[in-house]
Every structure is written in C-alpha cells, then in structure tokens.
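A short worksheet on the structure shown next.
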Amino acid sequence: MQPLLVHPILAFALAAGASPAPPPNPHPKIGEVMVVGGPKPKVVASYPADGGEAPGGVLVIKIVFDQPMTPEGWSFSPAEGGAFPNCLERPRLLADQRTFVLLCTVAGHARYAIDINAPADFASVGGRSAKAARLSFSTGDNGPVNVHDALVKAGLTDADEPIMRWRDTGAGISQSSPQ
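Here you go:
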C-alpha cells in the first residue's frame, strides 16, 4: 500500500472537517448545477393576475420575479385547467431584469393555464433555478387588437424595453440576424 501524501495545510483543513472547495465558476451557464446562497427566485406578480380575467385578443403576458433573471433561460408550458395561448416563440426580459413579457393572442370567453418553469429553465443571474408556478386566467369580451393597446393593458410603456427588437432588413421584414 502506497502512503498518501497530503499538503500540511490541506491535511489540517480536512482534519477540521472542511472539504476542499472547487474554484468558482466566473461564467455560470444555464443548466449547470450550482449551489449558491439565498432563496430561489419566485414569481411575485403577473398580468393577467393568477385567477384573474383579461380581454380576448392581443395579450402581453407579464411575469415578474423577485430577483434579477437571465434572458437565456425561460420555460412556459401547457398546464391542466385550460388551453395554452397562441404566443410568440420567445419571451423578452425587460431592462429591469425581473420582468419577462410574452406576446400572445387569446380567444374571448375562454380559460387558459400556463406552467411557469416546469421544466426548470428560468434562472437568476446568480444561477438559482426559479420555483415552479402556474398562471391560470380566463378571458372576457374581445379587447386589444394591436400590440400598443395590449402593452397598456399589461401596465407597460414604451420605456419597458426590449419587448421586441425590430431588425428591419429594408424590406419591412424583421429577422433575428439580418443578412
């Protein structure tokens, strides 16, 4: 059996019950498992409110977290108890870094249900995965038929950027990366 050679300082720390800490990761990535202090992010407000009512038509769904979030990770999925609205593929994180918005259309006089962070992808800037939540709401008569009116209904203004980044190619077409 070979003798185990241990640096004296490391041997003292291990004998005292400490475990060697891995070097910190300066650039955490979504999907990595990280143990950081503090509570998990949670949803603190939404539009429509959970259990509330919104008009049918164009709808900006607004989800507000209690701490700054990363724009790369998000998760909206169908939930029991209602239909899933017809939405753009990706939400936008506003400049406050706590508010995600998702542009959708909904039918009047219908029930909708959305699971938020199931599966887990919403994460804080510190790498903590958000607590899962459910947003259920119903719709009344038809309301906004344009994005501006839907923004006003959601309590947003033109200062709440970026809701959408328009990249005009010169042909009146928005592309994620103009050619």
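What the sequence shown shows, in mature numbering (1 follows the signal peptide of the UniProt record, and there is no 0), is residues -18 to -1, 1 to 161, in sequence order.
Glycine is no exception: its CB is placed at the ideal position from the N, C-alpha and C atoms.
Given the structure is predicted, the values throughout are model-derived calculations rather than measurements.
Buried versus exposed, by CB contacts within 10 Å (16 or more), T139: Position 157 of the sequence shown, counted from the first residue, corresponds to residue 139. By the neighbour-count rule (16 or more Cβ atoms within 10 Å), T139 is not buried but exposed.
Whole beta strand (DSSP E) elements within the region 8 to 81, 3-residue minimum: 25 to 29, 35 to 47, 58 to 60
Helix, strand or coil at A105 according to DSSP, with G and I counted as helix: One-based indexing of the sequence shown puts residue 105 at position 123. DSSP places A105 in strand when its eight states are reduced to three.
Cβ contact check for the region 54 to 71 and the region 21 to 37: 3 or more pairs under 8 Å: no
Status (buried if at least 16 other CB within 10 Å, exposed otherwise) for residue 172: Shown here, the chain extends from -18 to 161; a query on residue 172 therefore has no answer.
Pairwise C-alpha distance: G33 and H119: By 1-based counting over the sequence shown, the position of residue 119 is 137. By 1-based counting over the sequence shown, the position of residue 33 is 51. The sequence as given places Phe at residue 119; His does not occur at that position. Distance between the alpha carbons of F119 and G33: 5 Å.
Delimiting residues of the alpha helix (DSSP H) encompassing A132: Position 150 of the sequence shown, counted from the first residue, corresponds to residue 132. Where A132 is concerned, the enclosing alpha helix (DSSP H) stretches over 129 to 135.
Bounding residues of the beta strand (DSSP E) (the contiguous stretch that carries D97): Here residue 97 corresponds to residue number 115 of the sequence shown, with the count starting at 1. Where D97 is concerned, the enclosing beta strand (DSSP E) stretches over 93 to 98.
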